[in-house]
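Colleague: The structure that follows is given in the form of structure tokens.
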């Protein structure tokens with residue numbers, strides 16, 4: 126009988142994907158394990174294979190659509206069968222990786238029955254509203270503000286409307302989730318990294334000769350990891366439902382990488398067990414995979430802390446948004462030459478601006494300020510990184 130092929134569980138907690146490109150069309154014959162569809166998950170592109178051989182009798186979704194795990198994608202008629210339209214009634218089935226789980230529920234939306242009723246009457250999607258009430262709950266005032274009719278942008282002049290898809294869609298969704306689920310505060314600091322600058326200059330040529338590009342990022346990562354040992358509440362997450370803070374006993378760092386498709390955050394694991402050179406090599410390799418969209422989903426998951434280096438693009442200070450469910454993110458700005466008081470005299474030094482955004486529910490400003498000060502100490506005296514490394 127015709128086989129309904131449903132979107133399988135791709136692992137890593139993925140509940141939905143964007144259908145990027147069909148590799149087959151209705152009427153095509155396929156063999157088992159032949160790629161039939163490219164999907165875009167949380168920033169990676171994955172090819173979905175056919176679990177059976179036969180003829181494609183129906184394709185249910187178009188390119189650019191969003192499909193949830195367990196949703197029927199196509200029907201395959203096996204040898205000798207007359208292709209028919211298959212039932213679209215949702216049902217559990219065996220996918221290419223076993224029994225498919227039900228799609229996960231959307232993040233909880235806190236709203237009273239009255240607010241929900243008003244939202245239905247006014248045609249407002251509560252998922253699009255950031256609540257200002259207790260624990261982020263949506264108040265009647267939030268709803269009224271969201272329901273206020275907006276004048277079409279076209280009425281002010283020519284515009285171009287672009288669909289929010291792919292990486293940009295994922296970024297938008299994650300940033301709203303962060304704003305909705307954290308109580309974020311940003312503090313700043315400056316570090317005199319003249320000695321670190323000289324160290325990198327001395328070592329860079331030899332490393333380049335062996336194919337390793339040494340940037341400042343491995344030093345930033347190492348300094349932050351050392352400081353996190355004394356400030357564990359910044360290497361954590363929070364289970365709001367259970368009212369529990371989860372302190373991470375490992376150090377997996379997300380590093381923000383700019384790609385032609387948008388920002389990606391590959392994860393470097395166990396940075397406390399790796400040297401500066403090993404980190405430089407891994408950053409180089411992950412950055413290449415991110416640009417080529419060949420990065421594995423596992424390389425995008427499981428971080429405990431994130432660093433973003435917008436100084437590479439000329440930025441100075443910023444208010445980086447927490448990469449939720451992390452509780453902190455460190456931003457590194459552009460290194461500039463500046464007059465600086467050094468050993469009692471005003472001299473020109475290399476100054477690095479730093480911005481730390483943290484979740485105020487988990488820790489306080491004093492802890493964040495001390496954490497930043499400790500990072501500054503390591504960066505101003507990089508020998509400490511080697512003195513205190515395991």
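Numbering (the working numbering), first residue to last: 126 to 515.
All C-beta atoms, glycine included, are put in the ideal place defined by N, C-alpha and C.
(1) Evaluate residue 267 with the Cβ neighbour count: other Cβ atoms within 10 Å of its Cβ, from every protein chain shown; 16 or more gives buried, anything less gives exposed.
(2) Could you give the uninterrupted runs of the beta strand (DSSP E) lying entirely in the segment 360-402, keeping only those of 3 residues or more?
(3) Can at least three beta-carbon pairs, one atom from the segment 348-364 and one from the segment 402-422, be found at a separation below 8 Å?
(4) Exposed or buried, what is residue 359 when buried is set at 16 or more other beta-carbons lying within 10 Å of its beta-carbon?
(5) Specify the secondary structure class of residue 296 as computed by DSSP and reduced to three states.
(6) Can the beta-carbon of residue 476 be found closer than 8 Å to that of residue 466?
(7) For the pair the segment 473-491 and the segment 441-455, tell me if three or more CB-CB distances fall below 8 Å.
(8) With C-beta atoms as the reference, is residue 404 less than 8 Å away from residue 318?
(9) Residue 346 by DSSP, collapsed to three states: which one?
(10) Nearest by alpha-carbon distance to residue 402: which of 143, 202, 329, 375 is it?
(11) Identify which residue in 286, 325, 384, 351 has its Cα closest to the Cα of residue 438.
(12) Rounded to the nearest angstrom, how far is the Cβ of residue 315 from that of residue 495, given a contact under 8 Å?
(13) Please report the Cβ distance between residue 458 and residue 473, rounded to the nearest whole angstrom; I am assuming they are in contact, meaning their Cβ atoms lie under 8 Å.
(14) When burial is assigned at 16 or more other CB atoms within 10 Å of the CB, is residue 392 buried or exposed?
(15) Counting along the chain, where does the beta strand (DSSP E) carrying residue 466 start and finish?
(16) Which residue marks the beginning of the beta strand (DSSP E) containing residue 320, and which one marks its end?
(17) Between which two residues does the beta strand (DSSP E) holding residue 132 run?
Modeller: For this structure:
(1) Start at 1 with the first residue of the chain shown, and residue 267 comes out as number 142. Burial call: buried.
(2) 361-364, 369-372, 378-380, 382-384, 387-389
(3) no
(4) In the chain shown, the residue the question calls residue 359 occupies position 234. Residue 359 should be labelled buried.
(5) To locate residue 296, count along the chain shown from 1; it is residue 171. Three-state DSSP puts residue 296 in a helix.
(6) Along the chain shown, read from residue 1 onward, the residue named residue 476 stands at position 351. Along the chain shown, read from residue 1 onward, the residue named residue 466 stands at position 341. Against a cut-off of 8 Å, the Cβ pair of residue 466 and residue 476 comes out as no contact.
(7) yes
(8) Counting from one through the chain shown, the residue named residue 404 turns up at place 279. Counting from one through the chain shown, the residue named residue 318 turns up at place 193. No.
(9) Locating residue 346 in the chain shown gives position 221, counting from the first residue. Residue 346 falls in the helix class under three-state DSSP.
(10) Position 277 of the chain shown, counting from 1, holds the residue named residue 402. It is 329.
(11) For the purposes of this step, residue 438 is taken as residue 313 along the chain shown, with counting starting at 1. Answer by Cα proximity: 384.
(12) Against the chain shown, residue 315 aligns to sequence position 190. Against the chain shown, residue 495 aligns to sequence position 370. No, residue 315 and residue 495 are not in contact; Cβ-Cβ is about 16 Å, not under 8 Å.
(13) In the chain shown, residue 458 corresponds to position 333, counting from 1. In the chain shown, residue 473 corresponds to position 348, counting from 1. So it is not a contact: roughly 18 Å between Cβ atoms.
(14) Taking the first residue of the chain shown as 1, we reach residue 392 at position 267. Under this definition residue 392 is a buried residue.
(15) The residue labelled residue 466 in the question sits at position 341 within the chain shown. Where residue 466 is concerned, the enclosing beta strand (DSSP E) stretches over 461-467.
(16) The residue given as residue 320 occupies position 195 in the chain shown. Segment 319-334 is the alpha helix (DSSP H) holding residue 320; no beta strand (DSSP E) there.
(17) What you label residue 132 is simply residue 7 of the chain shown in a count that begins at 1. No beta strand (DSSP E) holds residue 132; DSSP gives it neither H nor E.
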